[in-house]
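The number in the working numbering is simply the position in the sequence shown, starting from 1, with 1 added.
Even for Gly, the Cβ is constructed at its ideal location relative to N, Cα and C.
These notes concern the structure reproduced below.
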Amino acid sequence: MPPLPPQYSYSAEHEWVNATADAVVGATLRVGITAVASDALGEVVYADIPEVGATVTAGEICGEVESTKTVSDLFSPVTGEVTAVNELVSANPGILNSDPYGDGWLFEVAVTAAGPLLDDKAYAEANHLA
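Given below as structure tokens:
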């Protein structure tokens, strides 16, 4: 499993945003799923992500990720408007397994509010990675 990027924040539902919790509100940030989530899912075969212009709300379901084993809800770690989606994920959903913190990002949000977010250490502790 790749190391957790320390400059990211994490939700208890295994999503990330590419900023520390104190720099989230007012920024446009990328959202993705963690390596913990992609490992638990197994081979990802499909991702249903919000469309550009959609409003997402922190802690609420905004899509789903399907693997050969299961379907899992995708929760938004922040509130705001979706400004971009990663077309690479539609064409190659396996990128969520091979590069969850890089090319495997899901969508970008102009953030108006953050949900409860964890830093890398707290997320690792909560998931027994430390």
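* To do: Would you identify the three-state DSSP class for Asp74, choosing helix, strand or coil?
  => strand
* Asked: Thinking just about the alpha-carbon of each residue, which of Asp100, His129, Ala92 and Ala13 is nearest to the one in Tyr47?
  -> Ala92
* Asked: Are Glu52 and Val83 touching if we call contact CB-CB under 8 Å?
  -> yes
* State the DSSP-derived secondary structure class of Val52, mapped to helix, strand or coil. => Going by the sequence as given, residue 52 is Glu instead of Val. Three-state result, Glu52: coil.
* To do: Taking all protein chains shown into account, decide if Leu89 is buried (16 or more other Cβ within 10 angstroms of its Cβ) or exposed.
  => exposed
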